[in-house]
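For reference, the structure is listed below as structure tokens.
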Ligand SMILES: Nc1ncnc2c1ncn2[C@@H]1O[C@H](COP(=O)(O)OP(=O)(O)OP(=O)(O)O)[C@@H](O)[C@H]1O
Ligand SMILES: Nc1ncnc2c1ncn2[C@@H]1O[C@H](COP(=O)(O)OP(=O)(O)OP(=O)(O)O)[C@@H](O)[C@H]1O
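Residue numbers (our numbering), protein chains in the order written: chain A, 1366 to 1583; chain B, 1366 to 1583.
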């Protein structure tokens, strides 16, 4: 159980704050916007309205006791940088901040942020790579040509076994292997070749990009 | 080689447009903001300044010939929805749009968007899950409490076998299973319990979040 402070409760910050709270951590969520703070009532430990560029406000909230601070302010680059510097000054051991572009990211790293994320750029890259594999829901790169994809079972495989559908055994990296099969909340790891696919099933597959891409090709 | 139109060249749209162009596709990138359009000169096929809520503008640009259209307008929900509806009306075969929240996502799906993404929320969830697994490089959710993580081998496991390190067999979802082991560009799927870990190895593991989190705990 860790103490995490999240500043900026826009689309990114509210989701980080909520998820961390669900994972069991103590979450202090700060925003200048009263409505956004209200929206998180019951969904984080401590939703607080405040201006995070004000060092007194941060100290009164006990920020110096926190394990991790996340700066999720987006568009307002000046505020984003100021708050990051304040967290560094106050001495928070691990600081995550978001950046809008490479120069901004560079600046945050020089300030001493431990992790800098560019959420939209990461999503944009991911979307571009998954766009022409329509059933693809998620992609995790292993090498530039080989990755793990989470895909919805294509219609034409419904009611066929994994083997009949052309999937290879889990150790074969020259075909497309199914690492996991998800049916609702139920997960089977390294499913058997004789397992039969149902409509709505989600598969986690691994293989060379072109081969995985062909799964959805009709 | 596909024809892709991207509307909205903010942080998400500019990255999608650039990446698709690098992947070899024909990219039409539209924004009302002249500067953002200029910034993409040479980085996409056809950067154009225009108001995408104007059907004539879209038709003059030949949008009806496109394979895919991506609505990357964010904050302006009204414009985002209007452009999505226009693309549907014009008959683009595959439409991706972004949403700011669940209700917005629901609306876009009802309009007929083929794929709806919430980039910040996805990044937020991912960040929350990876925050306390410092070696975590990537996370793919399977259920809210169970996911696949790509992690750098923790120092204390170097030179130990997978079995000695406490990893379970690939079918056991009550422990943490290693789905793949990457050493440089070399990938072993479902590695053997007797395989020995080396410094710099990257593992793809699956298991309940708390158990995976403990891997990095010292
Ligand atoms: N000084 C500040 N103190 C506290 N909160 C702040 C401060 N400055 C900005 N914020 C908050 O940060 C939040 C996120 O910033 P903003 O909306 O500008 O970025 P965004 O990129 O649109 O965010 P997202 O993409 O996560 O929705 C806003 O809700 C805003 O009220
Ligand atoms: N009707 C329109 N026609 C063309 N472009 C538009 C239109 N409306 C908005 N845009 C553009 O969409 C882009 C992205 O929208 P906006 O900046 O509001 O969202 P955002 O959520 O901050 O984006 P991001 O997170 O990707 O940076 C802006 O550059 C804006 O000029």
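Cβ coordinates follow ideal geometry from the N, Cα and C atoms, glycine included.
Source: prediction; values computed, not measured.
Listed by chain order, chain B residues near residue 1547 of chain A by CB distance under 8 Å: 1507, 1508
In the DSSP assignment, find the alpha helix (DSSP H) that holds residue 1462 of chain A and state where it starts and stops. From DSSP, residue 1462 of chain A is part of no alpha helix (DSSP H) but of the beta strand (DSSP E) over 1459–1463.
Cβ neighbour criterion (16 or more within 10 Å) applied to residue 1467 of chain B: exposed
Along chain B, in chain order, which residues have C-beta atoms closer than 7 Å to that of residue 1367 of chain A? 1497
Cα-Cα separation between residue 1395 of chain A and residue 1470 of chain A, rounded to whole angstroms: 22 Å
Separation of residue 1372 of chain A from residue 1407 of chain A, as counted between CA atoms: 17 Å
Residue from B/1509, B/1481, B/1410 whose Cα sits closest to the Cα of residue 1493 of chain B: B/1509
Could you list which residues in chain B have their beta carbon closer than 7 Å to that of residue 1433 of chain A, in chain order? 1496
Specify, as a first and last residue, the run of the beta strand (DSSP E) that residue 1502 of chain B falls within. 1501–1508
Hey, is residue 1493 of chain A's beta-carbon within less than 8 Å of any beta-carbon in chain B? yes
Report back the beta-carbon spacing between residue 1385 of chain A and residue 1420 of chain A to the nearest angstrom; my notes put them in contact at under 8 Å. The pair is not a contact, with the Cβ atoms about 24 Å apart (cut-off 8 Å).
So what's residue 1426 of chain B in DSSP terms, helix, strand or just coil? coil
Is there contact here, the segment 1478–1493 of chain A with the segment 1411–1427 of chain A, by at least three beta-carbon pairs under 8 Å? no
Using a Cβ cut-off of 8 Å (strictly closer), state whether residue 1488 of chain B contacts chain A. yes
Sequence-distant residues of the same chain with beta carbon closer than 8 Å to residue 1554 of chain B, five excluded per side: 1544, 1545
Helix, strand or coil: how does DSSP classify residue 1390 of chain A here? coil
Closest residue to residue 1536 of chain A among B/1548, B/1552, B/1445, B/1529 (Cα-Cα distance): B/1552
Please tell me whether residue 1542 of chain B has its Cβ less than 8 Å away from any Cβ of chain A. yes
Inter-residue spacing [alpha-carbon to alpha-carbon] between residue 1516 of chain A and residue 1500 of chain A: 5 Å
Rounded to whole angstroms, what's the CA-CA distance from residue 1370 of chain A to residue 1577 of chain B? Just pull it up for me. 23 Å
Given that residue 1481 of chain B touches chain A, what residues does it touch there, using C-beta distances under 8 Å? Within chain A, no residue comes near residue 1481 of chain B; the closest Cβ sits about 11 Å away, beyond 8 Å.
Taking 6 Å as the limit between beta carbons, can you name the residues of its chain near residue 1397 of chain B, skipping five residues before and five after? 1416
Between the alpha carbons of residue 1530 of chain B and residue 1570 of chain A, how many angstroms are there, rounded? 25 Å
Considering Cα atoms alone, identify which of A/1566, A/1366, A/1478, A/1448 is closest to residue 1521 of chain A. A/1566
Residue environment, residue 1583 of chain A, which counts as buried when at least 16 other CB atoms sit within 10 Å: Residue confidence for residue 1583 of chain A is low, a pLDDT of 48 falling below 50, so the modelled location carries little weight; the figure read from the coordinates is stated next. Exposed: under 16 other Cβ atoms inside 10 Å.
Could you give the first and the last residue of the continuous beta strand (DSSP E) run that contains residue 1512 of chain B? 1511–1517
May I ask you to report which of helix, strand or coil DSSP gives residue 1439 of chain A? coil
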